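Numbering (the numbering used here), first residue to last: 118 to 506.
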């Protein structure tokens with residue numbers, strides 16, 4: 118499936134946000150990406166297109182994370198504690214309170230606490246003084262699917278080297294690429310192996326079209342900024358990556374006007390009208406558990422369908438598109454993350470305060486999502502999901 122602008126726009130049209138909301142003037146970025154990086158960042162790891170294993174670089178070791186992956190929480194890169202600590206030679210033991218976890222490599226002993234931002238470190242070296250003190254990391258230790266996660270910069274601190282954690286691409290739990298700069302989450306434009314990449318405010322590597330300070334750039338499927346070429350949808354970008362505002366040619370390009378490129382979100386009066394331009398059959402929820410009116414119906418780049426329902430309880434946004442990727446566009450970090458099986462499909466549920474705000478799943482090479490801006494009880498959103506099968 119062609120990417121076009123879907124990767125960018127799905128994140129910014131949730132709950133009625135317009136596509137123009139991603140005109141990223143908030144980024145400290147000039148029209149030429151090459152102007153924004155002041156210093157060189159040593160890079161030794163491969164770009165996403167060369168990576169086929171989910172690894173993080175800590176202490177000179179490439180540690181395989183397996184199915185767990187990393188997570189982003191409060192702007193921090195979170196990694197599975199047991200997998201990473203044991204790979205670095207630490208013995209990991211959980212306390213009886215189910216919150217205290219001790220790491221011990223024979224020289225240093227560290228206590229971290231689930232739900233607490235910080236750790237205690239005790240030096241076990243008999244030739245040095247033993248001083249126990251609290252350190253803050255910027256995010257608390259958390260549990261996701263019963264796996265304990267800690268900020269990856271924990272290892273920079275306890276091993277007393279700000280470069281213990283390397284610079285590398287890695288996938289998060291949802292399969293999206295992020296980039297670590299010695300443990301810090303990269304955002305905005307970054308020059309990596311002499312190629313430009315753009316990560317959004319949540320650290321997610323972007324693909325397709327992105328606008329910065331009024332200038333459009335195209336990011337290839339591997340995240341690299343396209344330069345001095347014609348984009349897959351037929352637009353010329355110069356050697357600095359900028360689009361000049363016109364198509365490269367009119368051959369094979371349908372309605373190639375500027376408005377089509379800048380706003381690929383097309384509104385429709387009815388589901389039937391939207392169906393006419395899509396290559397798959399639209400299905401919508403048959404049950405919404407209340408009285409809802411249709412707020413809008415539209416498509417993104419003629420590939421992703423979405424319909425927003427509104428009531429005095431809030432908005433419900435339903436999406437569908439070809440493929441198996443998460444198309445919810447919601448990359449926020451939630452305190453509750455669970456997966457349930459419905460009719461043979463694994464449905465990811467995310468939310469806060471016992472309310473589900475996002476449900477995402479795939480079936481038969483189609484992806485679906487439901488986003489509820491005010492949240493919904495799990496049993497209720499499950500009923501809506503079931504009504505789409």
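Backbone N, C-alpha and C fix where the C-beta goes; we use that ideal spot for every residue, glycine too. Note that the structure is a prediction, hence the values are computed from the model and not measured.
Who are the near neighbours of residue i in its chain, counting only those whose CB is closer than 6 Å to its CB and skipping five residues on each side?
i: residue 280; result: 299
i: residue 452; result: 469
i: residue 193; result: 255, 256, 268
i: residue 486; result: 436, 444, 445, 477
Figure out for me which residue from the options has the closest Cα to the Cα of residue i.
i: residue 472; options: 322, 499, 259; result: 499
i: residue 392; options: 406, 496, 420; result: 420
i: residue 415; options: 387, 405, 400; result: 387
i: residue 482; options: 321, 397, 360, 275; result: 397
i: residue 337; options: 349, 301, 295, 432; result: 349
i: residue 184; options: 274, 226, 262, 313; result: 262
i: residue 205; options: 273, 289, 190; result: 273
i: residue 233; options: 454, 403, 222, 217; result: 217
i: residue 195; options: 295, 276, 443; result: 295
i: residue 191; options: 315, 301, 430; result: 301
i: residue 189; options: 239, 431, 203, 297; result: 297
i: residue 282; options: 215, 361, 177; result: 177
i: residue 439; options: 484, 410, 311; result: 484
i: residue 291; options: 360, 238, 186, 431; result: 186
Which residues in the same chain have their Cβ closer than 8 Å to the Cβ of residue i, if we skip the five residues on either side of it in sequence?
i: residue 260; result: 231, 266
i: residue 172; result: 179, 180, 181, 182, 285, 287
i: residue 399; result: 388, 391, 392, 422, 437
i: residue 384; result: 413, 414, 415
i: residue 459; result: 478, 499, 502, 503, 506
i: residue 212; result: 218, 219
i: residue 210; result: 218, 219, 221
i: residue 457; result: 463, 464, 466, 499
If you draw a straight line from the C-alpha of residue i to the C-alpha of residue j, how long is it?
i: residue 252; j: residue 236; result: 5 Å
i: residue 507; j: residue 278; result: Because residue 507 is not part of the residues shown, which for the chain are 118 to 506, the question remains open.
i: residue 389; j: residue 325; result: 28 Å
i: residue 220; j: residue 197; result: 13 Å
i: residue 201; j: residue 268; result: 11 Å
i: residue 445; j: residue 319; result: 14 Å
i: residue 491; j: residue 433; result: 9 Å
i: residue 418; j: residue 461; result: 30 Å
i: residue 163; j: residue 309; result: Its pLDDT being 44, under 50, residue 163 is placed unreliably by the model, and the measurement read from it follows with that caveat. Rounded to the nearest angstrom, the two C-alpha atoms are 9 Å apart.
i: residue 425; j: residue 402; result: 11 Å
i: residue 488; j: residue 394; result: 24 Å
i: residue 317; j: residue 303; result: 9 Å
i: residue 227; j: residue 322; result: 33 Å
i: residue 215; j: residue 382; result: 48 Å
i: residue 429; j: residue 408; result: 9 Å
Look up residue i in the DSSP assignment and say whether it is helix, strand or coil.
i: residue 458; result: strand
i: residue 469; result: strand
i: residue 500; result: helix
i: residue 168; result: For residue 168, the pLDDT reaches just 47, beneath the cut-off of 50, and the residue's location in the model is therefore unreliable, although a value from the coordinates is still provided. If DSSP states are grouped into helix, strand and coil, residue 168 belongs with coil.
i: residue 388; result: helix
i: residue 488; result: strand
i: residue 418; result: coil
i: residue 439; result: strand
i: residue 204; result: helix
i: residue 194; result: strand
i: residue 274; result: helix
i: residue 493; result: strand
i: residue 482; result: coil
i: residue 228; result: strand
i: residue 317; result: coil
i: residue 199; result: helix
i: residue 257; result: coil
i: residue 349; result: coil
What's the call for residue i, buried or exposed, on a 16-neighbour Cβ count within 10 Å?
i: residue 494; result: exposed
i: residue 441; result: exposed
i: residue 257; result: buried
i: residue 355; result: exposed
i: residue 455; result: exposed
i: residue 208; result: exposed
i: residue 175; result: buried
i: residue 275; result: buried
i: residue 270; result: buried
i: residue 447; result: buried
Tell me which same chain residues have a C-beta within less than 7 Å of the C-beta of residue i, skipping the five on either side of it?
i: residue 497; result: 406
i: residue 358; result: 150, 313, 334, 342, 343, 344
At a cut-off of 8 Å, is residue i close to the ligand NAD when judged by its beta-carbon and the heavy atoms of the ligand?
i: residue 383; result: Although the ligand NAD was asked about, the structure shown includes no ligands whatsoever.
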